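In the order they appear, the protein sequences are chains A, B and C. For the record, in the first sequence the residue sitting at position 281 is 280 according to numbering that gives the first Met the number 0, with numbers rising by one throughout. For the record, in the second sequence the residue sitting at position 57 is 56 according to numbering that gives the first Met the number 0, with numbers rising by one throughout. For the record, in the third sequence the residue sitting at position 174 is 173 according to numbering that gives the first Met the number 0, with numbers rising by one throughout. Only one structure is covered here, and it is reproduced in the block below.
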Amino acid sequence: MKITIWGDYITKFGELWDRSLEDLLKEAMEGAILEAKINVKEIEAVYVANMGAGRLDNQLHLGALASSLLPHYPPAMRIEGACASGGLAVIAAEQGLLSSSYQTMMVVGVEKMTDAKTAEATEFLAGAADFKREYGSTFPALYGILTLAHMKKFGTTRKMLSAVSNKNHRQAMNNPEAQFHKEYSIKEISQSQLIADPIRLLDCSPISDGAAAVVLTTKNVKGPKILGFGQGSDSLTLADRKKLTELGATKRAAMGAYKMAGISAVDVEMAEVHDCFSIGEILAIEDLGFFKKGEGGKATLKGSTADGGKIVINPSGGLKAGGHPVGATGVKQIAYMADLIRKGKVNVGLTQNVGGSGGTAVVHILGGGK
Amino acid sequence: MTINPATYWRRNKEWRILLGKKGKVLFSTRVRVATERQEKWAPYCFVLADIEGKKYEMMGAGKEELKEGDKIVCTLRRLSEPTSEGLIEYGVKAKKVK
Amino acid sequence: MNESGRSNDLTITMKKKRAVGIVAYGAYLPKFLIKTEEIAVAQGKNNMGPCLNVKSKTVADVDEDTTTIAVEAALQAINRSESAGAKRKDIEALFVGSESHPYAVKPTGTMVTAALGLGKKMAMADMQFACKAGTQSLQVCLAMVKAGWAKLGLAIGADIAQSRPGGALEYTAGAGGAAFLVGEKKLLARLLGTTSVASDTPDFWRRPEESFPQHAGRFSGNPAYFKHSKMAFDQMLEELKMKPKDFDYCVFHTPNGKFPTSAAKKFGFSKEQNQKSLLVRDIGNLYAGSTMVGLAGVLDIAKNGEKILVISYGSGSGSDCLAWECSTDLESRRKEFKNLVRSQISKNFISYSEYQKR
Numbered sequence: 000m001k002i003t004i005w006g007d008y009i010t011k012f013g014e015l016w017d018r019s020l021e022d023l024l025k026e027a028m029e030g031a032i033l034e035a036k037i038n039v040k041e042i043e044a045v046y047v048a049n050m051g052a053g054r055l056d057n058q059l060h061l062g063a064l065a066s067s068l069l070p071h072y073p074p075a076m077r078i079e080g081a082c083a084s085g086g087l088a089v090i091a092a093e094q095g096l097l098s099s100s101y102q103t104m105m106v107v108g109v110e111k112m113t114d115a116k117t118a119e120a121t122e123f124l125a126g127a128a129d130f131k132r133e134y135g136s137t138f139p140a141l142y143g144i145l146t147l148a149h150m151k152k153f154g155t156t157r158k159m160l161s162a163v164s165n166k167n168h169r170q171a172m173n174n175p176e177a178q179f180h181k182e183y184s185i186k187e188i189s190q191s192q193l194i195a196d197p198i199r200l201l202d203c204s205p206i207s208d209g210a211a212a213v214v215l216t217t218k219n220v221k222g223p224k225i226l227g228f229g230q231g232s233d234s235l236t237l238a239d240r241k242k243l244t245e246l247g248a249t250k251r252a253a254m255g256a257y258k259m260a261g262i263s264a265v266d267v268e269m270a271e272v273h274d275c276f277s278i279g280e281i282l283a284i285e286d287l288g289f290f291k292k293g294e295g296g297k298a299t300l301k302g303s304t305a306d307g308g309k310i311v312i313n314p315s316g317g318l319k320a321g322g323h324p325v326g327a328t329g330v331k332q333i334a335y336m337a338d339l340i341r342k343g344k345v346n347v348g349l350t351q352n353v354g355g356s357g358g359t360a361v362v363h364i365l366g367g368g369k
Numbered sequence: 000m001t002i003n004p005a006t007y008w009r010r011n012k013e014w015r016i017l018l019g020k021k022g023k024v025l026f027s028t029r030v031r032v033a034t035e036r037q038e039k040w041a042p043y044c045f046v047l048a049d050i051e052g053k054k055y056e057m058m059g060a061g062k063e064e065l066k067e068g069d070k071i072v073c074t075l076r077r078l079s080e081p082t083s084e085g086l087i088e089y090g091v092k093a094k095k096v097k
Numbered sequence: 000m001n002e003s004g005r006s007n008d009l010t011i012t013m014k015k016k017r018a019v020g021i022v023a024y025g026a027y028l029p030k031f032l033i034k035t036e037e038i039a040v041a042q043g044k045n046n047m048g049p050c051l052n053v054k055s056k057t058v059a060d061v062d063e064d065t066t067t068i069a070v071e072a073a074l075q076a077i078n079r080s081e082s083a084g085a086k087r088k089d090i091e092a093l094f095v096g097s098e099s100h101p102y103a104v105k106p107t108g109t110m111v112t113a114a115l116g117l118g119k120k121m122a123m124a125d126m127q128f129a130c131k132a133g134t135q136s137l138q139v140c141l142a143m144v145k146a147g148w149a150k151l152g153l154a155i156g157a158d159i160a161q162s163r164p165g166g167a168l169e170y171t172a173g174a175g176g177a178a179f180l181v182g183e184k185k186l187l188a189r190l191l192g193t194t195s196v197a198s199d200t201p202d203f204w205r206r207p208e209e210s211f212p213q214h215a216g217r218f219s220g221n222p223a224y225f226k227h228s229k230m231a232f233d234q235m236l237e238e239l240k241m242k243p244k245d246f247d248y249c250v251f252h253t254p255n256g257k258f259p260t261s262a263a264k265k266f267g268f269s270k271e272q273n274q275k276s277l278l279v280r281d282i283g284n285l286y287a288g289s290t291m292v293g294l295a296g297v298l299d300i301a302k303n304g305e306k307i308l309v310i311s312y313g314s315g316s317g318s319d320c321l322a323w324e325c326s327t328d329l330e331s332r333r334k335e336f337k338n339l340v341r342s343q344i345s346k347n348f349i350s351y352s353e354y355q356k357r
């Protein structure tokens, strides 16, 4: 049984004052159905990925909300795994499809975060950590510790971290839906305001609104295929990790995905990875097997992860420049890669979506299919 | 935002476990943009520490600057700025010792 | 020997048999200080520091409060008592005296008992009587132990003294506290006697909704501080049949650096007896923690067998007097004590703008 991405849609990501959570859901769902050129009633179930609507909008029961946007009220549910909500919702749909429970499903990831004050949003995001055992932490603080560990063990430098952001902002210029269309020099990034030492403002993905949807089917249709997927978990807290210089969850998810797809890291041409903070991308390209452990920073600085390099990482601009509406990101990564495949720009692509400081990771491998 | 009584009551049994115990800072980051609860206290440090062989994550006491390798002792401090009516959240933080 | 003489002997013998006193003590001073000259510059007025004889005062950190100060002092006392074989679960009375209890209803002692992991059997309440709330807690704990109702008692005086920015009190209102573990055995200092006085003398007060206290200016001198301290002092010396010269140290309440020196002179103490206990010049007035920290500071330097007279004062008004005799174990046990009071007076001076944030 092969899973095809029949249609997909990504909304603009950014500070979208005039769009509500519901508006974004509607736009993404309708857009994906339109691209698939199918009758809406073909959608047999809808899975919604979202982290914060319960807290920021006081809106839970998003499955029912999304289902109500379709005339036939298909079965629906909401899936949450912090920033990996999107990837997890796609995995849940894949399980629904492969178990033959459904033939065609929609997965939509959505987040409306920019209405909240910064301090409120910071606290909401901190919920992806262990609220008791990591009390007083913020997301930048946890990734700050991961950055310090990587710098200490492998000599990763400030310049290497800045190279991630610099590349992603440059690449986002080609993505009309990206939140930012502005480039930053390595120097500007290295001197931007400190958030949680050594993480600086321009290392951090933004707070964003946005949605992305994909229509997945096991029917025999043309379109990009899901060749494999994998999911990994690790301790919620950093204190309980075996190593701070890798995300074990990513490694385990990648292993599962490569095995299912019957390929290995060298076969991947492009990847959308989880650069919630610069170190996130450096860890990802090492843990996914594209570069040796410890060499991710060097490789980025050298240009090995940009157009013309060994592998293109985050052609959409990633989370940093593309935007990171938490629940939408995992779905957007898959939608973006599917589009690149459809346009003939890539044959084998990979997406990596992480929850929290690495408690959850989801990897998907997509390929051009006939 | 304030802690609810049952949560406070379950957690206050944990203070005595760490209070007074000594350890070492493994990694420390200075949090400059904080959540609402600690907004008034930024910048403060957040550390991963080794305390008697086990790893813990906790806030540094006050606005103290903690660095990798610093010797610390666990001390009781307020965990957040209380509201005028709510319960006061206390908990364990890392204080530098000479 | 006549009837009264015989009964005197009996009283003294009984008092010696039911000896009660300090098993261990601890003190805590926050590590920030601000100079009075810095406060003067911020206030834009003449520096009152010199006339108050105060150079600096302690400042609590942003996340410290009376509870956390009380816990630090108590932990030090408990750690020091372990060498005397004292057990935490034998602490059956816990009284905290302060003018800055975090709750108007919910004793500071409840957080202290949770933090220290003390037992279920516990007599507890918060005390308030301005700056004598600490010594009143101490007197109550001593009474509970003497009555046989508590094996050990823990008395704490701790405060983050409040003062209106721009006012005179701002020069002296400091932060800190001390804790005394009292019992019957393995004493560092034995209680010779204690007595108290109280009257309605409104020299200083605070209504519940108000953040800062009201101060009655010069009225707080003779009718209040000096009168009540003298009454308690006279009562105590008469009961004990002792004289000022019988004591090696006197510890007065320190609202500033002038009053205790003046009182010592008026009451017949020498400069030497008083000066060694004065920490106020560097740490300011710790309100309910003042006399308690003062006593701790004296125990840090006293020799075996020396006698200490503590005369605290609480506005509103009242005074507690406690007389002590240091045991023969004091010097040897003290050798293991770390972080004595004077070593906690840091040189970490902060600016007025940093002080305002705390």
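Virtual Cβ for every residue (Gly too), placed ideally from N, Cα, C. Just so it is clear, the structure is predicted and the values come from calculations on it, not from any experiment.
Limits of the beta strand (DSSP E) - the one that residue i falls within
i: A:G296; result: Per DSSP, A:G296 belongs to no beta strand (DSSP E); it is in the alpha helix (DSSP H), 295-301.
i: C:S195; result: 188-200
i: C:A174; result: 174-182
i: A:R77; result: 75-78
i: A:H363; result: 359-366
i: B:F45; result: 43-50
8 Å contact criterion, which residue i and residue j should meet: CB distance rounded
i: A:I206; j: A:T113; result: 6 Å
i: C:K30; j: C:S345; result: 5 Å
i: A:G143; j: A:P197; result: 6 Å
i: C:E71; j: C:Y27; result: 4 Å
Span of the alpha helix (DSSP H) around residue i
i: A:K258; result: 247-260
i: A:R54; result: 52-55
i: C:F258; result: 258-265
i: C:M291; result: 289-298
Residues of its chain near residue i, where Cβ-Cβ distance is below 7 Å and the 5 sequence neighbours each way are ignored
i: C:T107; result: T65, T66, A69, V95, S97, H100, P101, D125
i: B:E84; result: none
i: A:S136; result: A125, A128
Cβ-Cβ distance between residue i and residue j below 9 Å
i: A:I333; j: A:I32; result: no
i: A:G354; j: A:A127; result: yes
i: C:V196; j: C:M143; result: no
i: C:L74; j: C:L93; result: no
i: A:S372; j: A:F290; result: Residue numbering for chain A in the displayed model covers 0 to 369; residue 372 of chain A lies beyond these limits and cannot be assessed.
i: C:C130; j: C:T290; result: yes
i: B:C73; j: B:K92; result: yes
i: A:V109; j: A:L55; result: no
i: B:G59; j: B:L75; result: no
i: A:Y46; j: A:G95; result: yes
Any chain A beta carbon closer than 9 Å to residue i
i: B:R15; result: no
i: B:R77; result: no
i: B:T82; result: no
i: B:K70; result: no
i: B:E38; result: yes
Residue i beta carbon near the ligand FAD (any heavy atom closer than 8 Å)
i: C:S318; result: Because no ligand of any kind appears in the structure shown, any question about the ligand FAD cannot be addressed here.
Contact set for residue i: own chain, Cβ-Cβ below 6 Å, skip 5 residues either direction
i: C:L137; result: A154, F179
i: A:G288; result: A264
i: C:G20; result: L186, A188, R189, L190
i: B:L47; result: L25, F26, E56
i: C:K264; result: none
Neighbourhood of residue i by C-beta, 8 Å cutoff - its chain only, sequence neighbours within 5 removed
i: C:A18; result: E183, L186, R189, L190
Cutoff 9 Å: residue i Cβ touching any chain B Cβ
i: C:E63; result: yes
i: A:V361; result: no
i: C:M123; result: no
i: A:E29; result: no
i: C:G175; result: no
i: C:V70; result: yes
7 Å Cβ cut-off: residues of chain F touching residue i
i: B:K20; result: No chain F appears in this structure, whose protein chains are A, B and C.
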